[in-house]
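Undergrad:
Numbering (our numbering), first residue to last: 881 to 1195.
(1) According to DSSP, is residue 1045 helix, strand or coil?
(2) Per the DSSP calculation, residue 1160 is bridged to which residue(s)?
(3) Could you say which of 987, 1028 and 985 lies nearest to residue 999 if we only look at CA atoms?
(4) Tell me whether the beta-carbon of residue 1179 lies closer than 9 Å to the beta-carbon of residue 988.
(5) Cα separation between residue 1085 and residue 974?
(6) Kindly confirm or deny that the region 1134–1147 and the region 911–926 touch, where touching means at least three C-beta pairs closer than 8 Å.
(7) In or out: residue 939 buried (at least 16 other Cβ within 10 Å) or exposed?
(8) Determine the direct distance from the alpha carbon of residue 927 to that of residue 958, and round the result to whole angstroms.
(9) DSSP three-state call for residue 1092: helix, strand or coil?
(10) From residue 1173 to residue 971, what distance separates their C-alpha atoms?
(11) Which whole-angstrom value describes the C-beta separation of residue 1101 and residue 1136, a residue pair presumed to lie in contact below a C-beta threshold of 8 Å?
(12) For residue 946, which of helix, strand or coil comes out of DSSP?
(13) From the DSSP output, in three-state form, read off residue 937 for me.
(14) Does DSSP put residue 904 in a helix, in a strand, or in coil?
(15) Closest to residue 1113 by C-alpha separation, out of 1141, 1159, 1119 and 1130, would be which residue?
(16) Please classify residue 995 as buried or exposed, where buried requires at least 16 other C-beta atoms within 10 Å of its C-beta.
(17) What's the C-alpha gap between residue 1116 and residue 1106?
(18) Starting from residue 990, trace the alpha helix (DSSP H) both ways and give me its first and last residue.
(19) For the pair the region 1119–1133 and the region 1063–1079, tell me if three or more CB-CB distances fall below 8 Å.
(20) With a CB to CB cut of under 6 Å and the five nearest residues on each side skipped, what residues in its chain are close to residue 1057?
(21) Where does residue 1188 sit, in a helix, a strand or coil, going by DSSP?
(22) Determine the DSSP secondary structure at residue 1059, reduced to helix, strand or coil.
(23) Is residue 1035 helix, strand or coil by DSSP?
(24) Identify every residue that forms a DSSP beta bridge with residue 1166.
(25) Report the three-state DSSP secondary structure of residue 1067 (helix, strand or coil).
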């Protein structure tokens, strides 16, 4: 019985890991396998079931060969338990920043339509971010926010695309809404070549139809990226696509990215969440740090990212 339980758990874990390498054709299965804490819980349960069953006896007549084998199954459980812990996503990633001389900071947050005027404005100003990308912001909140923050962020874009709102210290040109979920603009930093900026917030895949809509949004993003004027591009937003899925791994090919845990920010799940708020860059751009933390009244963690722009410096 113990052996069958371990074999079942090994098979389920391997299937779970395999699911993260290929896009799955079933919406609920892709959603389920995106959570990497399930294998961890599985092996904790298996270990708790096996340990009480172990019997150690030094009698030569009945159990002379039972002492060492009794440790084999718990040892296997511990190995897979450690493997599951290793696969839990971090909330902060710092890559090699020694060779980067010029960086920009980008703050992104999904507000879930909650806005505390005084506190949230203070938080945004304290971040000193060069670009702020907010999502799920009401029109009323956008108006209040713009009035309070214009002096520090004179450039903004409100394109009525799923509550997306952009604030920048430097010029934003040619901002336009491509569809309900996708916007684009040209972002100009001092003494650099222009950068094409995309913001994206497709629907949460809570049903088969929403899942297809989200996947179609990425097809539109790819088409717009292919015809963009500049090789240096940024895509930022709540993608509603976990980095642990095979679909994410396929779509993110050719982009530089550092996924960190951002959702959900409630209960015990906040310690074992997934990365769905992303930043992708291309061309000579490189993401050098990303860190998520709970800054606002939202079920998402906000993310501060640093992007190296050395390759865009105008000569």
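Each residue gets a CB set at the ideal place from its N, CA and C atoms; glycine is no exception.
TA: The short version:
(1) Stepping through the chain shown from its first residue, residue 1045 is reached at position 165. If DSSP states are grouped into helix, strand and coil, residue 1045 belongs with the strands.
(2) The sequence position of residue 1160 within the chain shown is 280, counting from 1. Note: residue 1160 sits in a beta bridge opposite 1115.
(3) As a position in the chain shown, residue 999 is number 119, starting the count at 1. Looking at the Cα atoms, 1028 is the closest of the given residues.
(4) Counted from its first residue, the chain shown places residue 1179 at position 299. Counted from its first residue, the chain shown places residue 988 at position 108. Contact: no.
(5) Numbered from 1 along the chain shown, position 205 holds the residue referred to as residue 1085. Numbered from 1 along the chain shown, position 94 holds the residue referred to as residue 974. Residue 974 has its alpha-carbon roughly 30 Å from the corresponding atom of residue 1085.
(6) Cβ pair count under 8 Å is below three, so no.
(7) For the purposes of this step, residue 939 is identified with residue 59 of the chain shown, where counting begins at 1. Residue placement at residue 939 is poorly supported in this model, since its pLDDT is 42, which falls under 50; the coordinates still yield a value, given next. By the beta-carbon neighbour count (other beta carbons within 10 angstroms, threshold 16), residue 939 is exposed.
(8) By 1-based counting over the chain shown, the position of residue 958 is 78. By 1-based counting over the chain shown, the position of residue 927 is 47. The C-alpha of residue 958 lies about 8 Å from the C-alpha of residue 927.
(9) Position 212 of the chain shown, counted from the first residue, corresponds to residue 1092. The three-state reading of DSSP puts residue 1092 in helix, counting H, G and I together.
(10) Numbered from 1 along the chain shown, position 293 holds the residue referred to as residue 1173. Numbered from 1 along the chain shown, position 91 holds the residue referred to as residue 971. If you take the alpha carbons of residue 1173 and residue 971, they lie about 8 Å apart.
(11) Residue 1101 sits at position 221 when you count from the first residue of the chain shown. Residue 1136 sits at position 256 when you count from the first residue of the chain shown. Not confirmed; about 16 Å, so no contact.
(12) Taking the chain shown and counting its residues from 1, the one referred to as residue 946 is at position 66. The pLDDT assigned to residue 946 is 48, lower than 50, so where the model puts this residue is not dependable; a value taken from the coordinates is nonetheless given after this. Of the three classes helix, strand and coil, the one that applies to residue 946 here is coil, per DSSP.
(13) As a working note, residue 937 is residue 57 in the chain shown. Low confidence applies here, because residue 937 scores a pLDDT of 41, under 50, leaving its location unreliable and the question unanswered by this model.
(14) Translated into positions along the chain shown, residue 904 becomes position 24. In the structure shown, residue 904 sits in coil (DSSP, three-state: anything other than H, G, I, E or B).
(15) As a working mapping, residue 1113 is identified with position 233 in the chain shown. With distances taken between CA atoms, residue 1113 lies nearest to 1159 out of 1141, 1159, 1119 and 1130.
(16) Stepping through the chain shown from its first residue, residue 995 is reached at position 115. Residue 995 is buried by the Cβ-count criterion.
(17) Reading the chain shown from its first residue, position 236 is the one you call residue 1116. Reading the chain shown from its first residue, position 226 is the one you call residue 1106. Taken atom to atom, the span from the alpha-carbon of residue 1116 to that of residue 1106 is near 17 Å.
(18) For this step, residue 990 is matched to residue 110 along the chain shown. No alpha helix (DSSP H) holds residue 990; the beta strand (DSSP E) holding it covers 983–990.
(19) Under the 8 Å Cβ criterion, the region 1119–1133 does not count as touching the region 1063–1079, having fewer than three qualifying pairs.
(20) As a position in the chain shown, residue 1057 is number 177, starting the count at 1. Contacts found: 1039, 1041 and 1063.
(21) As a working mapping, residue 1188 is identified with position 308 in the chain shown. Three-state DSSP puts residue 1188 in a strand.
(22) Looking up residue 1059 in the chain shown gives position 179. Residue state, collapsed to three classes: coil.
(23) Looking up residue 1035 in the chain shown gives position 155. The answer is strand: DSSP assigns residue 1035 an E or B state.
(24) Here residue 1166 corresponds to residue number 286 of the chain shown, with the count starting at 1. Per DSSP, the beta-bridge partners of residue 1166 are 1188.
(25) To locate residue 1067, count along the chain shown from 1; it is residue 187. Strand, per DSSP.
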